[in-house]
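To start, the structure under review is shown below, and the notes come after it.
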Amino acid sequence: MKTIDLRSDTVTRPTPAMRRAMAAAEVGDDVYGDDPTVNRLEATAAERLGFEAALFTCSGTQANLVSIMTHCARGEEYIVGQQAHTYKYEGGGAAVLGSIQPQPLDFEADGTLDLERVARAIKPADFHFARTRLLCLENTQGGKVLPLDYLKRAGEFARARKLRLHLDGARIFNAAVQLGMDVRELTAPFDSVSVCLSKGLGAPVGSMVCGGREFIGEARRWRKVCGGGMRQAGILAAAGLYALDHHVDRLADDHHNAGLLARGLRKFAAIRVDPATVQTNMVFVGIEVDLCRKLAGHLQAEGILISPGNPLRLVTHLDINRRDIGRVLKAAATFFHRQA
Ligand SMILES: *Cc1c(COP(=O)(O)O)cnc(C)c1O
């Protein structure tokens with residue numbers, strides 16, 4: 030029986046075609062700039078996302094860390110969402126490794142940071158304060174797509190306030206596919222963007238940082254400092270190239286499956302799901318934590334994996350198809366009818 034893993038879109042495994050591309054990759058020592066496949070991936074990512082240059086990193090965490098370390102020096106500050114990955118889920122890396130202070134602010138309900146509140150958080154030029162240098166946004170944020178007009182306003186705001194603007198675009202292609210737009214329209218306001226290849230795009234490892242040529246040159250230095258200079262990385266880059274060429278448009282299937290899942294789950298009285306809030310590949314379910322643990326146990330016996338929590342986050346991806354959603358809903362129905 031196939032395991033259906035709804036814990037995250039990081040759990041995807043390379044497809045046979047992706048593995049063939051990896052096995053056939055031409056490689057060289059990328060620290061010397063000699064890996065033709067890495068070079069091709071970096072050129073391709075830069076072009077697709079609308080920047081001069083790009084850098085291949087081991088992870089999204091490393092992509093964000095080197096971006097923040099490139100934008101900010103010791104004693105400087107970045108403004109970021111309280112629940113943002115670049116603040117909450119990266120081990121405090123910017124502070125620990127970069128001596129860079131985060132200034133977290135609560136996200137608005139739509140995943141944006143209110144620009145008036147950001148303006149109030151910018152520190153005056155006074156040696157009591159860290160120097161505010163950077164604003165970080167996240168798109169998608171908890172599965173939500175940031176509005177395009179907000180991105181434009183954030184770009185104008187950052188320029189007017191002389192802040193740099195970084196996007197944690199781990200799932201930026203989900204946003205572009207959901208809006209039916211070229212991803213470049215969503216990345217244009219930013220000085221730098223990180224993108225995960227290892228989530229919905231289905232590569233086993235890796236992320237990209239995109240930015241201007243000078244910025245990427247400096248980021249390459251920080252990647253090395255962080256231990257991220259990889260050697261024959263073309264084997265991994267080949268998976269990323271394959272993902273960019275074959276797995277972007279199909280993200281629409283993941284969004285569709287998330288909608289199916291949400292509409293199916295809405296029928297159960299013990300939980301709360303609003304299908305109207307599902308924009309991309311994540312479904313958030315309000316459920317009492319003890320009940321959720323029991324549900325997880327029941328589903329596990331059926332070959333279905335979830336991470337218990339309230340809200341319970343369910344994520345669709347490359348390794349989950351429409352039929353799998355049917356299996357999940359059937360297993361959930363057995364569980365909830367037995368509870369009732
Ligand atoms: C997953 C993720 C990252 C990077 O995670 P890695 O596991 O280090 O690749 C960054 N930002 C967001 C929003 C993410 O979801």
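Numbering (the working numbering), first residue to last: 30 to 369.
Ideal placement from N, C-alpha and C gives every residue a C-beta, glycine not left out.
Buried or exposed (CB count within 10 angstroms, at least 16 for buried), M51: On the sequence shown, position 22 is the one that residue 51 refers to. Counting Cβ neighbours within 10 Å, M51 comes out buried, since at least 16 surround it.
Examine the Cβ distances between the segment 63-74 and the segment 249-263 and report whether three or more of them are shorter than 8 Å. yes
Taking Cβ to Cβ, would you say H370 is nearer than 9 Å to Q308? The displayed coordinates of the chain run from 30 to 369. Any statement about residue 370 would go beyond what the structure contains.
In chain order, each beta strand (DSSP E) run of at least 3 residues that lies wholly inside the segment 288-344: 311-314 and 341-344
Boundaries (first-last residue) of the beta strand (DSSP E) holding T86: In the sequence shown, counting from the first residue as 1, residue 86 sits at position 57. Segment A82 to T86, the beta strand (DSSP E) holding T86.
Determine the direct distance from the alpha carbon of R252 to that of Q207, and round the result to whole angstroms. Here residue 207 is taken as the residue at index 178 of the sequence shown, counted from 1. Here residue 252 is taken as the residue at index 223 of the sequence shown, counted from 1. Answer to the nearest angstrom: the Cα atoms are 31 Å apart.
Whole-number beta carbon distance between V224 and L78, since they are thought to touch under 8 Å: Here residue 78 refers to the residue found at position 49 of the sequence shown. Here residue 224 refers to the residue found at position 195 of the sequence shown. About 7 Å; that satisfies the 8 Å criterion.
Does the distance from the CB of I108 to the CB of P133 come in under 9 Å? What you label residue 108 is simply residue 79 of the sequence shown in a count that begins at 1. What you label residue 133 is simply residue 104 of the sequence shown in a count that begins at 1. Yes.
Indicate whether S221 and H100 have their beta-carbon atoms separated by less than 9 Å. In the sequence shown, the residue the question calls residue 221 occupies position 192. In the sequence shown, the residue the question calls residue 100 occupies position 71. Yes, they are a contact pair.
Report yes if the C-beta distance between F219 and V277 is below 9 Å; otherwise report no. Stepping through the sequence shown from its first residue, residue 219 is reached at position 190. Stepping through the sequence shown from its first residue, residue 277 is reached at position 248. Taking 9 Å as the Cβ cut-off, F219 and V277 do not qualify as a contacting pair.
D55 classed as buried or exposed, judged by whether at least 16 other C-beta atoms fall within 10 angstroms: Counting from 1 along the sequence shown, the entry for residue 55 is found at position 26. A small correction: the amino acid at residue 55 is Glu; Asp does not occupy that position in the sequence shown. Exposed: under 16 other Cβ atoms inside 10 Å.
CA-to-CA distance, T161 to P45, given in whole angstroms: Counted from its first residue, the sequence shown places residue 45 at position 16. Counted from its first residue, the sequence shown places residue 161 at position 132. Cα to Cα, P45 sits roughly 47 Å from T161.
For a quick check, are the C-beta atoms of R103 and G127 less than 9 Å apart? Start at 1 with the first residue of the sequence shown, and residue 103 comes out as number 74. Start at 1 with the first residue of the sequence shown, and residue 127 comes out as number 98. One thing to note: R103 has its Cβ within 9 Å of the Cβ of G127.
If I'm right that M311 touches G171 with Cβ under 8 Å, what's the distance once you round it to whole angstroms? Counted from its first residue, the sequence shown places residue 311 at position 282. Counted from its first residue, the sequence shown places residue 171 at position 142. About 7 Å; that satisfies the 8 Å criterion.
Can we say the segment 241-248 touches the segment 75-89, given the rule of at least three CB pairs closer than 8 Å? yes
Return yes when at least one heavy atom of ligand 1 lies under 8 Å from the C-beta of N203, else no. For the purposes of this step, residue 203 is taken as residue 174 along the sequence shown, with counting starting at 1. No, the Cβ of N203 stays beyond 8 Å of every heavy atom of ligand 1.
Please report the Cβ distance between P43 and G231, rounded to the nearest whole angstrom; I am assuming they are in contact, meaning their Cβ atoms lie under 8 Å. Locating residue 43 in the sequence shown gives position 14, counting from the first residue. Locating residue 231 in the sequence shown gives position 202, counting from the first residue. Right, their Cβ atoms sit about 7 Å apart.
Which whole-angstrom value describes the C-beta separation of R351 and L289, a residue pair presumed to lie in contact below a C-beta threshold of 8 Å? Residue numbering aside, residue 351 sits at position 322 when the sequence shown is read from its first letter. Residue numbering aside, residue 289 sits at position 260 when the sequence shown is read from its first letter. About 7 Å separates the two Cβ atoms, so the contact holds.
For the beta strand (DSSP E) that contains D161, what are its first and last residues? As a first step, residue 161 is located in the sequence shown; it is residue number 132 there, counting from the start. First, the amino acid is wrong: residue 161 is Thr here, not Asp. Taken as a continuous stretch (DSSP letters only), the beta strand (DSSP E) holding T161 covers R160 to E167.
Just to confirm the assignment, what range does the beta strand (DSSP E) spanning M259 have? Here residue 259 corresponds to residue number 230 of the sequence shown, with the count starting at 1. Annotation for M259: no beta strand (DSSP E) segment contains it, and DSSP assigns it neither H nor E.
Taking only the alpha-carbon atoms, compute the straight-line gap between F184 and L192 and give it to the nearest angstrom. Position 155 of the sequence shown, counted from the start, is the residue given in the question as residue 184. Position 163 of the sequence shown, counted from the start, is the residue given in the question as residue 192. The sequence shown places Gly at residue 184, rather than the Phe named in the question. When rounded, the distance between both Cα atoms is 9 Å.
At what residues does the beta strand (DSSP E) containing L177 begin and finish? The residue you call residue 177 lines up with position 148 of the sequence shown. First-last for L177: L177 to A189, but that is the alpha helix (DSSP H), not the beta strand (DSSP E).
Status (buried if at least 16 other CB within 10 Å, exposed otherwise) for D274: Here the question's residue 274 lines up with position 245 in the sequence shown. Counting C-beta atoms within 10 angstroms of its own C-beta, D274 has fewer than 16 neighbours from the protein chains shown and is therefore classed as exposed.
Any residues whose CB sits closer than 5 Å to a heavy atom of ligand 1? List them in chain order? S88, G89, T90, H114, D197 and A199
For a minimum of 4 consecutive residues, which ranges assigned as the alpha helix (DSSP H) are wholly contained in the segment 184-260? 201-208, 212-216 and 242-254
Looking at chain C, is there any beta carbon in it that lies within less than 9 Å of the beta carbon of T363? Looking for chain C here will not work: only one protein chain is present.
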